[in-house]
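Residue numbers (the numbering used here), protein chains in the order written: chain A, 22 to 239; chain B, 22 to 239; chain C, 22 to 239; chain D, 22 to 239; chain E, 22 to 239; chain F, 22 to 239. Every residue, glycine too, gets a C-beta built ideally from N, C-alpha and C. Notes for the one structure printed next.
There are 6 protein chains.
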Amino acid sequence: MMMWRVPELLPFLALGLFLGHVAADPDMLQDVCVADLSSAVKVNGFPCKVAFNASDFSTDVIAKPGPTNNTMGSLVTAANVLKVPGLNTLGVSLSRIDYAPGGLNPPHTHPRATEIVFILEGELEVGFISTANVLVSKTIKQGEVFVFPRGLVHFQKNNGNVPAAIIAAFNSQLPGTQSIPATLFACTPAVPDNVLTKAFQIGTKEVEKIKSRLAPKK
Amino acid sequence: MMMWRVPELLPFLALGLFLGHVAADPDMLQDVCVADLSSAVKVNGFPCKVAFNASDFSTDVIAKPGPTNNTMGSLVTAANVLKVPGLNTLGVSLSRIDYAPGGLNPPHTHPRATEIVFILEGELEVGFISTANVLVSKTIKQGEVFVFPRGLVHFQKNNGNVPAAIIAAFNSQLPGTQSIPATLFACTPAVPDNVLTKAFQIGTKEVEKIKSRLAPKK
Amino acid sequence: MMMWRVPELLPFLALGLFLGHVAADPDMLQDVCVADLSSAVKVNGFPCKVAFNASDFSTDVIAKPGPTNNTMGSLVTAANVLKVPGLNTLGVSLSRIDYAPGGLNPPHTHPRATEIVFILEGELEVGFISTANVLVSKTIKQGEVFVFPRGLVHFQKNNGNVPAAIIAAFNSQLPGTQSIPATLFACTPAVPDNVLTKAFQIGTKEVEKIKSRLAPKK
Amino acid sequence: MMMWRVPELLPFLALGLFLGHVAADPDMLQDVCVADLSSAVKVNGFPCKVAFNASDFSTDVIAKPGPTNNTMGSLVTAANVLKVPGLNTLGVSLSRIDYAPGGLNPPHTHPRATEIVFILEGELEVGFISTANVLVSKTIKQGEVFVFPRGLVHFQKNNGNVPAAIIAAFNSQLPGTQSIPATLFACTPAVPDNVLTKAFQIGTKEVEKIKSRLAPKK
Amino acid sequence: MMMWRVPELLPFLALGLFLGHVAADPDMLQDVCVADLSSAVKVNGFPCKVAFNASDFSTDVIAKPGPTNNTMGSLVTAANVLKVPGLNTLGVSLSRIDYAPGGLNPPHTHPRATEIVFILEGELEVGFISTANVLVSKTIKQGEVFVFPRGLVHFQKNNGNVPAAIIAAFNSQLPGTQSIPATLFACTPAVPDNVLTKAFQIGTKEVEKIKSRLAPKK
Amino acid sequence: MMMWRVPELLPFLALGLFLGHVAADPDMLQDVCVADLSSAVKVNGFPCKVAFNASDFSTDVIAKPGPTNNTMGSLVTAANVLKVPGLNTLGVSLSRIDYAPGGLNPPHTHPRATEIVFILEGELEVGFISTANVLVSKTIKQGEVFVFPRGLVHFQKNNGNVPAAIIAAFNSQLPGTQSIPATLFACTPAVPDNVLTKAFQIGTKEVEKIKSRLAPKK
């Protein structure tokens with residue numbers, strides 16, 4: 022096969038000795054940059070770990086359904102760079118979303134990604150709204166696929182009598198989520214009431230009621 | 022100066038003859054791609070016009086304040102690629118936003134851009150909410166600058182007694198806007214009531230009331 | 022100075038009249054650019070259709086397992102932009118891969134994407150090789166996730182006695198696949214024998230044997 | 022609203038305790054990466070600060086006109102990432118440029134950005150030159166907008182009797198500026214005279230004269 | 022719901038008939054997008070040809086030195102997308118530059134690319150100037166390599182007694198060149214004299230002299 | 022030329038004093054980010070050095086032919102970011118490849134770059150294979166150019182009686198190489214035999230023979 026001039030290898034050998042028991046080849050950092058999630062240095066994304074192994078590219082956090090006995094009747098479990106450090110710089114991640122019967126993943130956006138979903142089980146009413154305020158929606162069932170374009174408000178609702186579950190893929194290692202109701206009515210500090218009353222054309226009392234119902238559980 | 026081999030110029034000369042009286046140098050399309058806004062061919066962004074002039078890079082649509090006597094007491098006027106075709110492929114645009122006293126630019130997102138604003142006159146309470154549901158807000162006055170990070174929900178409110186106005190710059194030729202109240206309560210077809218009642222924990226009657234108040238004016 | 026030529030404007034005026042009552046908002050093309058798969062104009066990706074609906078963002082082509090009674094004992098079914106035109110410009114797609122017991126998805130690359138997989142059923146030995154010739158491999162089972170970094174050679178092997186299946190997500194609307202054995206031994210025209218004999222340090226007879234076994238089935 | 026499994030929150034809680042008095046949510050670093058301008062680690066752009074607040078997204082440095090009693094009769098004041106650390110990784114910035122009557126912002130390039138300007142007051146002759154050596158120029162007045170495409174040489178000249186001022190927006194957090202006369206005739210070390218004499222077809226004496234007039238003021 | 026309208030499909034059907042016997046595999050357009058240099062549709066870059074062959078990825082235009090008996094004593098010959106249509110969308114190109122003894126490639130920028138050069142023969146003084154007005158320069162000889170960062174002003178000068186030649190590589194299919202002297206003193210229409218006199222602090226007479234010497238040869 | 026307000030310069034002056042004898046202007050880090058190859062912090066690419074000079078943008082490692090008396094009869098010598106630290110973040114690099122008569126650069130991919138080559142001497146049979154398994158090949162000789170699209174398998178073979186050499190340019194500072202035979206048959210740990218026998222439809226004995234012949238020389 023191709024041969025490499027020995028002097029080019031020397032720095033790597035030297036580095037290997039210097040790093041002592043580090044197993045990984047530093048050259049590999051150019052193919053991947055496994056997140057050093059606890060680095061004191063913060064950058065856009067994460068700095069890279071020097072040593073890593075196959076576990077850094079794998080997880081079982083989305084193997085099982087999560088509990089959906091909450092207000093919305095749904096649960097998002099993410100397999101993003103925070104769980105799969107090997108995803109750092111690679112621009113992709115997964116989530117699993119479980120829905121109780123009647124469960125809703127409320128209108129939300131992902132500021133940094135398009136989402137494509139595959140229905141593992143059950144049936145969902147899904148939709149996104151364009152910037153021209155056109156709703157594009159459809160009912161999809163097990164094995165079907167649907168796309169939510171980057172940054173647009175979208176939702177999924179389980180109108181069936183049985184649980185539903187999806188695998189969602191994103192073209193970002195950490196797509197971020199802004200669940201609209203919680204973003205506006207449950208953030209800290211609170212959005213001023215006079216912004217919300219004017220925006221939604223409702224009274225202060227109604228704003229306070231929504232805020233109390235959406236407040237994070239203690 | 023640098024000289025070019027004649028054979029390299031020949032195709033351009035030939036093209037010039039073929040196009041007849043078209044004045045523009047096709048080489049220039051590589052520096053810019055002035056939007057052909059009415060092309061029958063649709064691509065990501067716009068195809069390029071063959072002929073253009075300095076007017077394609079200019080506009081006066083944001084020179085004057087717009088009327089703010091509407092429900093929200095604010096008006097956005099855009100100088101994006103639809104008004105300045107020369108912006109096509111260049112990744113930047115401006116808007117002017119005017120606010121009546123008490124006026125609000127309601128919570129909204131730009132799916133494709135970060136926004137940076139400069140206050141032309143007046144004083145505004147501005148804020149954005151992170152995906153960790155933290156509100157970052159500030160009151161800024163004439164001559165001050167504020168940034169709304171890409172994709173995050175944000176708003177501006179004129180709490181003063183005089184009009185306010187800003188110039189907003191975006192790193193997109195067409196950043197898009199999703200005004201949250203209209204996106205959820207005034208789109209076509211409508212978001213199902215059972216999505217909105219569950220999301221905001223309110224009754225159908227309240228949903229209908231918001232929908233009626235936010236419905237587009239006939 | 023370059024000037025608008027009137028004849029260039031005529032088609033746009035005509036088009037405007039012709040469109041008349043068309044419901045779709047051309048503004049929406051800026052949120053999405055649904056692929057016009059049969060356009061005579063070819064661009065990087067695809068031109069956009071003028072009219073589209075929710076079906077353009079959905080497919081059921083990966084709902085069911087595909088037949089795996091082939092030489093490799095595996096089958097890839099893609100839900101990419103060619104099947105889901107709404108994916109155009111959005112940078113993501115899915116595939117389903119089915120494996121018979123003993124089935125192999127042979128070593129291959131995706132020139133344009135990182136891949137992240139979720140095991141629907143069964144158990145697979147998976148691995149990728151870095152540019153430093155380090156194999157990173159692991160056995161993963163139902164519900165687990167694994168990542169194959171952009172452009173690197175990787176494979177999946179079903180060493181179990183039951184079928185296996187995965188959902189694979191890519192950060193490209195059309196990631197492309199180069200299955201190494203077919204790329205080198207079954208392309209048209211053929212890679213010269215003296216390239217393959219020297220590359221793999223085998224005889225012409227062995228090269229010919231591999232070529233005959235990997236030749237596309239008539 | 023959506024609920025999150027408690028174990029996922031634990032690392033953040035732990036991190037919060039460990040960081041002691043740090044106010045900001047580390048999750049927020051994924052929405053923004055506020056520049057740590059004094060970090061010892063240098064990267065493309067800047068590393069991120071752990072704690073930040075609304076002031077990091079704001080500045081008043083361009084609120085007032087700057088002094089224009091200099092050789093060129095103009096002054097650029099930047100509101101880029103060095104003044105607004107929250108701009109880091111967000112790809113946008115502003116400048117204010119003031120012009121005395123007769124003032125000139127001499128021909129220059131921004132290696133990393135397109136520029137779009139809004140005239141605050143006065144009137145300017147503006148222009149850019151394409152790589153085909155075509156000048157695209159126009160006189161614009163208060164409230165008008167003009168675009169200077171990425172990387173191309175451009176200038177603004179106040180031919181009026183009153184001061185002028187603009188707000189310039191860039192699609193880069195730090196667009197950089199190469200003012201052509203200073204770049205060529207006032208850099209350190211100096212560009213060799215025989216490069217400048219041949220380039221501009223002038224004598225050494227003329228080169229020296231330009232150099233002396235453009236030399237930075239002590 | 023938006024639906025396909027038949028009249029819009031007609032032109033495509035017609036065109037499909039016209040193309041008829043086109044042999045090339047459309048799947049391949051996803052690996053490459055060979056420029057259709059004569060397409061009536063203009064886009065950012067070029068639309069793709071339907072049929073292509075190996076010649077589209079090759080050229081011999083930079084095989085031989087070009088004539089350097091011109092004012093600057095140098096000649097640039099480009100092997101960019103205009104000569105190698107296969108380069109379209111691939112983000113790279115080459116040029117060959119020949120220098121007579123004493124020849125100069127005058128200070129210039131490439132708005133869209135970094136440049137890396139390899140010296141084929143001879144010796145050159147090369148340099149670039151940073152936005153902080155720092156000159157980074159070096160004399161390099163046969164076999165040596167030098168880098169000119171994206172967008173920055175740079176030059177090469179042959180101070181030797183023998184010809185020199187380089188191969189220059191760019192990370193753009195069409196990097197564009199703004200040769201500073203010609204950009205400012207030989208564009209059409211001309212940059213106003215009062216811009217140039219103030220910028221370079223010289224008299225109108227000197228501006229006119231430079232303009233006459235740099236004017237394109239008839 | 023343009024003047025800057027003194028307070029803006031103060032932080033830089035202060036930083037200069039603090040850094041002591043460091044010569045480079047920290048502002049320059051925004052034009053370039055010269056790789057600090059030995060930094061303890063690892064990021065995507067490399068952190069930047071604070072001080073640098075013209076040597077960081079130059080190398081002579083590809084000035085001379087390298088020895089080609091190895092199994093493949095070819096040698097790749099890279100002038101990438103590991104040899105030219107100034108290339109960091111600039112997206113381009115060069116390699117020199119030498120071929121003995123009969124020498125082969127075996128089928129390989131660059132996961133992160135398109136390659137364009139210029140033939141310094143000799144004649145080569147070159148080719149790439151598309152994802153549709155179409156071989157695009159050509160014999161090119163001294164002075165000719167050929168392109169290998171991003172990520173696709175390609176090779177070069179010297180069928181002549183004299184040595185050949187090329188300069189290869191990549192649009193990546195570190196394109197990475199996966200030489201297919203070594204990737205599959207000489208990695209560590211080894212790819213399981215049952216993957217290779219099924220993939221290439223050969224016996225274990227043949228797999229072992231290839232592995233032994235391609236094993237790295239001790």
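message = Against chain C, which members of the region 53–76 of chain A pass a CB distance test of less than 8 Å?
response = 53, 74, 75 and 76
query = Mind checking if residue 18 of chain D is an interface residue toward chain A, Cβ cutoff 8 Å exclusive?
reply = Residue coverage of chain D in this structure runs from 22 to 239, which leaves residue 18 of chain D outside it and unanswerable.
request  = Tell me residue 126 of chain F's beta-bridge partners as DSSP assigns them.
outcome  = F:177
message = Among C:96, C:101, C:121 and C:86, whose alpha-carbon lies nearest the alpha-carbon of residue 240 of chain C?
response = In this structure chain C extends from 22 to 239, so residue 240 of chain C is not present and cannot be described.
Residue interval of the alpha helix (DSSP H) (run including residue 221 of chain B) = 214–221
inquiry  = Here's the rule I'm using: 16 or more other beta-carbon atoms within 10 Å means buried, otherwise exposed. How should residue 229 of chain E be labelled?
reply    = exposed
request  = Kindly say whether residue 80 of chain F, judged by its beta-carbon, lies nearer than 8 Å to any beta-carbon of chain E.
outcome  = yes
query = Bridge partners of residue 83 of chain A, per DSSP?
reply = Note: residue 83 of chain A sits in no beta bridge, so no partner.
request  = Out of F:90, F:105 and F:206, point me to the one whose CA is closest to residue 139 of chain E's CA.
outcome  = With distances taken between Cα atoms, residue 139 of chain E lies closest to F:105.
request  = Helix, strand or coil for residue 57 of chain F, going by three-state DSSP, please let me know.
outcome  = coil
task = On the DSSP bridge assignment, give the partners of residue 148 of chain A in chain order.
result = A:158 and A:176
ask   = So, are the CB atoms of residue 155 of chain E and residue 208 of chain D less than 8 Å apart?
value = Taking 8 Å as the Cβ cut-off, residue 155 of chain E and residue 208 of chain D qualify as a contacting pair.
query = The beta strand (DSSP E) spanning residue 165 of chain E covers which residue range?
reply = Residue 165 of chain E -> no beta strand (DSSP E), and no H or E assigned at all.
request  = Measure from the alpha carbon of residue 182 of chain C to the alpha carbon of each residue in C:144, C:89 and C:158, then state which is nearest.
outcome  = C:144
C-alpha gap between residue 163 of chain F and residue 184 of chain F, whole angstroms = 11 Å
Expected contact under 8 Å - CB spacing of residue 193 of chain D and residue 112 of chain D to nearest Å = 6 Å
ask   = If you draw a straight line from the alpha carbon of residue 236 of chain A to that of residue 211 of chain A, how long is it in whole angstroms?
value = 11 Å
ask   = In whole angstroms, what separates the C-alpha of residue 160 of chain E from that of residue 91 of chain D?
value = 37 Å
request  = State the DSSP-derived secondary structure class of residue 108 of chain C, mapped to helix, strand or coil.
outcome  = helix
key: Proximal residues of chain C, C-beta to C-beta of residue 145 of chain F below 7 Å   = Those do not exist, as residue 145 of chain F stays about 12 Å from chain C at its closest Cβ, beyond 7 Å.
ask   = Is residue 115 of chain B closer than 8 Å to residue 83 of chain B when the C-beta atoms are compared?
value = yes
request  = Compute the minimum distance between the beta carbon of residue 235 of chain C and the heavy atoms of the ligand PLP, and state whether it is under 7 Å.
outcome  = As far as ligands go, the structure on display features none, and thus does not contain the ligand PLP.
ask   = Which value, in whole angstroms, describes the spacing of the CA atoms of residue 127 of chain F and residue 175 of chain B?
value = Our two residues, residue 127 of chain F and residue 175 of chain B, have alpha carbons roughly 55 Å apart in a direct line.
key: Reduced DSSP secondary structure (H/G/I, E/B, other) of residue 103 of chain E   = coil
inquiry  = Pairs of beta-carbons, one from the region 59–79 of chain F and one from the region 69–76 of chain D, closer than 8 Å: are there three or more?
reply    = no
ask   = Are the C-beta atoms of residue 142 of chain A and some chain C residue less than 8 Å apart?
value = No, no contact with chain C.
message = Within 8 Å of any Cβ in chain A, is that where the Cβ of residue 203 of chain B sits?
response = yes
ask   = Can you find a CB in chain E that lies within less than 8 Å of the CB of residue 107 of chain C?
value = For residue 107 of chain C, the answer is no, since every Cβ of chain E falls outside 8 Å of its Cβ.
ask   = Smallest Cα separation from residue 173 of chain B: which of A:100, A:226, A:131 and A:188?
value = Looking at the Cα atoms, A:131 is the closest of the given residues.
request  = Quick one: using the 10 Å Cβ neighbour count with 16 as the cut-off for buried, is residue 233 of chain B buried or exposed?
outcome  = exposed
Buried versus exposed, by CB contacts within 10 Å (16 or more), residue 202 of chain D = buried
ask   = CB-CB under 7 Å to residue 225 of chain C, same chain, minus the five flanking residues each way: which ones, in chain order?
value = Here the set comprises 214 and 218.
task = Excluding the 5 residues preceding and the 5 following residue 68 of chain F in the sequence, name in chain order all residues of the same chain whose CB lies nearer than 6 Å to its CB.
result = 57, 60 and 62.
key: Cross-chain neighbours of residue 197 of chain C in chain E, by beta carbon under 8 Å   = 51 and 52
inquiry  = So, for residue 177 of chain C: in the same chain, excluding its five sequence neighbours on each side, which residues have a beta-carbon less than 6 Å away from its beta-carbon?
reply    = 126, 145 and 147
ask   = Quick one: does residue 236 of chain D have its CB under 8 Å from some CB of chain E?
value = no
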